[in-house]
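Here's the structure, in structure tokens; my notes come after.
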């Protein structure tokens with residue numbers, strides 16, 4: 010009885026610490042938004058940070074946009090179910106960014122426009138701009154849903170609240186700091202996010218890798234829990250099937266050239282050289298994430314550290 014009570018108290022203490030850490034981080038994000046507001050004097054400042062992003066902030070902005078819920082929690086979720094295969098999602102994005110860096114990054118920056126739709130109008134006409142803007146609205150409503158749901162899942166797991174409340178909290182905080190400072194807010198907070206994200210991913214990967222006994226230990230555990238055939242498919246980069254991998258490659262590479270996530274920071278770079286270099290650094294930093302997240306998902310699937318409530322919470326747990 011005493012043991013159960015002590016365990017419950019330890020869990021409550023852990024949740025209390027996590028709550029205060031998250032609350033402090035949310036307050037910091039809003040303070041960043043207030044600071045960014047002082048740098049925002051015009052619509053160009055709000056949308057493009059005054060076209061004055063240096064290499065660090067431009068790279069962080071691109072990286073933060075691409076390393077959202079789908080590239081992190083989503084990759085881990087899929088790896089939990091199918092193994093290494095989801096690493097291709099991030100590999101495709103990174104490859105696309107490399108190609109983008111050496112082809113259109115400088116061209117886009119020299120256009121001196123504010124949005125992708127505006128750039129399309131400069132090449133075609135106003136009607137095409139309207140159609141493209143409508144398509145972007147639909148795409149980014151879906152993307153925003155996925156991103157906020159991913160943040161909500163992390164908050165729900167960390168603070169022990171229902172996922173719907175996690176989504177509401179994430180949505181409110183994100184809306185506040187973006188509304189306050191626009192792209193300046195996004196660039197600064199993305200720098201914070203990426204530093205924390207990479208630190209967390211590397212720590213989790215190393216800890217899990219050591220405790221599970223490396224890839225040999227992971228394979229043995231997966232064999233014991235899922236069988237030899239499934240374990241072998243988990244370790245195959247094409248375990249999910251070549252058609253799915255091919256679709257990720259085509260979609261990821263081609264998507265870079267039309268995605269606001271990669272193009273908006275290019276528009277905001279202080280010059281075309283910064284736009285090109287930021288794209289290269291972003292590519293170099295994205296590709297390894299697929300490998301790390303897939304490994305973490307497989308470690309979660311082994312059952313070594315317990316079973317998450319859902320595959321979506323493989324990383325948060």
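Residue numbers (this note's numbering): 10 to 326. All C-beta atoms, glycine included, are put in the ideal place defined by N, C-alpha and C.
How many angstroms separate the CA atom of residue i from the CA atom of residue j?
i           : j           : result
residue 113 : residue 266 : 8 Å
residue 225 : residue 139 : 54 Å
residue 173 : residue 182 : 15 Å
residue 96  : residue 66  : 26 Å
residue 240 : residue 248 : 10 Å
residue 127 : residue 108 : 23 Å
residue 237 : residue 231 : 8 Å
residue 245 : residue 301 : 15 Å
residue 63  : residue 176 : 32 Å
residue 255 : residue 263 : 12 Å
residue 86  : residue 166 : 14 Å
residue 317 : residue 171 : 15 Å
residue 51  : residue 187 : 15 Å
residue 154 : residue 294 : 25 Å
residue 123 : residue 272 : 10 Å
residue 216 : residue 178 : 29 Å
residue 143 : residue 68  : 28 Å
residue 205 : residue 119 : 33 Å
residue 121 : residue 250 : 42 Å
residue 212 : residue 56  : 35 Å
residue 161 : residue 221 : 28 Å
residue 159 : residue 180 : 11 Å
residue 88  : residue 252 : 17 Å
residue 275 : residue 229 : 46 Å
residue 90  : residue 147 : 29 Å
residue 135 : residue 46  : 32 Å
residue 60  : residue 257 : 32 Å
residue 125 : residue 36  : 32 Å
residue 137 : residue 106 : 25 Å
residue 41  : residue 145 : 28 Å
Less than 9 Å separating the beta-carbons of residue i and residue j?
i           : j           : result
residue 156 : residue 277 : no
residue 227 : residue 308 : yes
residue 76  : residue 198 : no
residue 193 : residue 54  : yes
residue 296 : residue 99  : yes
residue 104 : residue 292 : yes
residue 210 : residue 101 : no
residue 44  : residue 190 : yes
residue 195 : residue 49  : no
residue 115 : residue 284 : yes
residue 39  : residue 185 : yes
residue 286 : residue 110 : yes
residue 168 : residue 28  : yes
residue 269 : residue 133 : no
Verify the CB distance criterion: does residue i have a CB-CB separation below 9 Å to chain D?
i           : result
residue 252 : Protein chains in the displayed structure number just one, and chain D is not present.
Assuming residue i contacts residue j (C-beta within less than 8 Å), just tell me the rounded distance between them.
i           : j           : result
residue 243 : residue 93  : 7 Å
residue 84  : residue 306 : 7 Å
residue 312 : residue 234 : 5 Å
residue 164 : residue 72  : At roughly 22 Å, the Cβ-Cβ gap does not stay under 8 Å, so residue 164 and residue 72 are not in contact.
residue 304 : residue 214 : 6 Å
residue 129 : residue 141 : 5 Å
Using DSSP's beta-bridge definition, name the partner residues of residue i.
i           : result
residue 278 : 62
Given 8 Å as the limit, tell me if residue i has its C-beta closer than that to any heavy atom belonging to the ligand ATP.
i           : result
residue 116 : This structure lacks the ligand ATP; in fact it carries no ligand of any kind.
Continuous alpha helix (DSSP H) assignments of at least 4 residues falling wholly in the segment 188 to 245:
223 to 235, 237 to 243
Which runs of the alpha helix (DSSP H) fall wholly inside the segment 103 to 180 and span at least 4 residues, in chain order?
114 to 120, 125 to 132, 135 to 168
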